[in-house]
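Chemist: Add 676 to the 1-based position in the sequence shown for the working numbering, that's all there is to it.
Quick one: the structure is below, questions incoming.
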Amino acid sequence: MQKPPRKITVPAFRELAAQGQKITMLTAYDYLWAGIMDEAGIDSILVGDSLAMVVQGRATTLPVTLNEMIYHGEIVTRAVRRALVVVDLPFMSYQVSPRQAVRNAGRIIKETGADAVKLEGGMIQSDTIRAIGRAEIPVMAHVGMRPQAVRQLGGMGKVQRDEQQLLNDARAAEDAGAFAIVLELVPQDIAERITQALTIPTIGIGAGPSCDAQVLV
Numbered sequence: 677m678q679k680p681p682r683k684i685t686v687p688a689f690r691e692l693a694a695q696g697q698k699i700t701m702l703t704a705y706d707y708l709w710a711g712i713m714d715e716a717g718i719d720s721i722l723v724g725d726s727l728a729m730v731v732q733g734r735a736t737t738l739p740v741t742l743n744e745m746i747y748h749g750e751i752v753t754r755a756v757r758r759a760l761v762v763v764d765l766p767f768m769s770y771q772v773s774p775r776q777a778v779r780n781a782g783r784i785i786k787e788t789g790a791d792a793v794k795l796e797g798g799m800i801q802s803d804t805i806r807a808i809g810r811a812e813i814p815v816m817a818h819v820g821m822r823p824q825a826v827r828q829l830g831g832m833g834k835v836q837r838d839e840q841q842l843l844n845d846a847r848a849a850e851d852a853g854a855f856a857i858v859l860e861l862v863p864q865d866i867a868e869r870i871t872q873a874l875t876i877p878t879i880g881i882g883a884g885p886s887c888d889a890q891v892l893v
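What follows is the structure, encoded as structure tokens:
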């Protein structure tokens, strides 16, 4: 009888990076594709708020709701036996206050069975990351190009390129307790230096080959 695959937990995810193993991460929104990815040996599956654009045909990620994220997150988690499942906290589900963020992160974990949540921001969200962590919910942070800040940044693809600010954001997220951090559209040389400066895994989206993991959305 074939043994069930060993589940990748948050500590196991971090250990993969510590061992120098490149981590694979893909995005899924449904049972079929989540199952295929899991069977293929993908290390982590993200249920991204990008479903607003990919599934719902919207122009940005902003309209997707918490209930919609929970719906898709539960479907994906049901299909997965091995991969670490991370669900995005959607726009305005955590920005109001740390208390709001803890409540909504708790809903995601409780109602989907996912392993962790992800939110956008570094230094500005450090109190929120810390509060969610105190509730014993693992948090993945996200800096660089932040789709939820599309209005403030002036459009999709706009990114903060100041190296010191990016490094400060990444370090603030790590210090607040984030177990990993996404670097989206961060210049390759800066992403490499951030990866070297942190003790938590970095996950690149268009940020070059030096990150500990790559995610395709």
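Beta carbons are placed, not taken as given, at the ideal position from N, Cα and C, and that holds for glycine.
Ignoring anything shorter than 3 residues, give me the beta strand (DSSP E) runs that lie fully in the region 729 to 764, in order along the chain.
Modeler: 760 to 764
Chemist: Given that a residue counts as buried once 16 or more other Cβ atoms are within 10 Å of its Cβ, and exposed if not, what is residue 780?
Modeler: buried
Chemist: Do the region 722 to 742 and the region 698 to 714 touch if we need at least three Cβ pairs shorter than 8 Å?
Modeler: Yes, the region 722 to 742 is in contact with the region 698 to 714.
Chemist: Residue 746 and residue 804 look like a contact to me (Cβ under 8 Å); what is the Cβ gap, rounded to whole Å?
Modeler: Wrong, their Cβ atoms sit about 19 Å apart, outside the cutoff.
Chemist: Write down the C-beta distance between residue 714 and residue 758 rounded to the nearest angstrom, noting that I regard them as a contact closer than 8 Å.
Modeler: With a Cβ gap of about 6 Å, residue 714 and residue 758 count as contacting.
Chemist: Assuming residue 820 is part of the beta strand (DSSP E), what are its boundary residues?
Modeler: 815 to 820
Chemist: Can you grab the Cα-Cα spacing for the pair residue 843 / residue 876, in whole Å?
Modeler: Spanning the alpha carbons of residue 843 and residue 876 requires a straight line of approximately 13 Å.
Chemist: Do residue 839 and residue 857 have their beta-carbon atoms positioned less than 8 Å apart in this structure?
Modeler: In this structure, the beta-carbon distance from residue 857 to residue 839 does not fall below 8 Å.
Chemist: Are the beta-carbon atoms belonging to residue 768 and residue 792 less than 8 Å from one another?
Modeler: no
Chemist: I'd like to know whether the C-beta atoms of residue 884 and residue 860 end up nearer to each other than 8 Å.
Modeler: no
Chemist: Can you tell me where the beta strand (DSSP E) holding residue 792 begins and where it ends?
Modeler: 792 to 794
Chemist: Residue 870: which of 751, 889, 846 and 854 sits nearest, CA to CA?
Modeler: 846
Chemist: Just mark residue 687 as buried or exposed, buried being the case when its beta carbon has 16 or more other beta carbons within 10 Å.
Modeler: Classification of residue 687: exposed, given that the 10 Å Cβ count is below 16.
Chemist: Between the C-alpha atoms of residue 888 and residue 722, what's the straight-line distance to the nearest angstrom?
Modeler: 16 Å
Chemist: Taking C-alpha atoms, which residue in 760, 695, 689 and 740 lies nearest to residue 711?
Modeler: 760
Chemist: Measure the CB-CB distance between residue 853 and residue 820 and report whether it falls below 8 Å.
Modeler: No, these two residues do not count as a Cβ contact at 8 Å.
Chemist: With distances taken from CA atoms, which of 801, 698 and 749 is nearest residue 878?
Modeler: Considering only alpha carbons, the answer is 698.
Chemist: In terms of residues, what are the limits of the beta strand (DSSP E) holding residue 864?
Modeler: Taken as a continuous stretch (DSSP letters only), residue 864 belongs to no beta strand (DSSP E), being part of the alpha helix (DSSP H) at 864 to 873.
Chemist: State the DSSP-derived secondary structure class of residue 702, mapped to helix, strand or coil.
Modeler: strand
Chemist: Does residue 890 come out as helix, strand or coil in the three-state DSSP assignment?
Modeler: strand
Chemist: Cβ of residue 742 within 8 Å of Cβ of residue 783?
Modeler: yes
Chemist: So the candidates are 709, 707, 708 and 720; which of them puts its Cα closest to the Cα of residue 682?
Modeler: 720
Chemist: Buried or exposed: which applies to residue 665, given that a residue is buried once 16 or more other Cβ atoms fall within 10 Å of its Cβ?
Modeler: Outside the shown range of the chain (677 to 893) lies residue 665, about which nothing can therefore be said.
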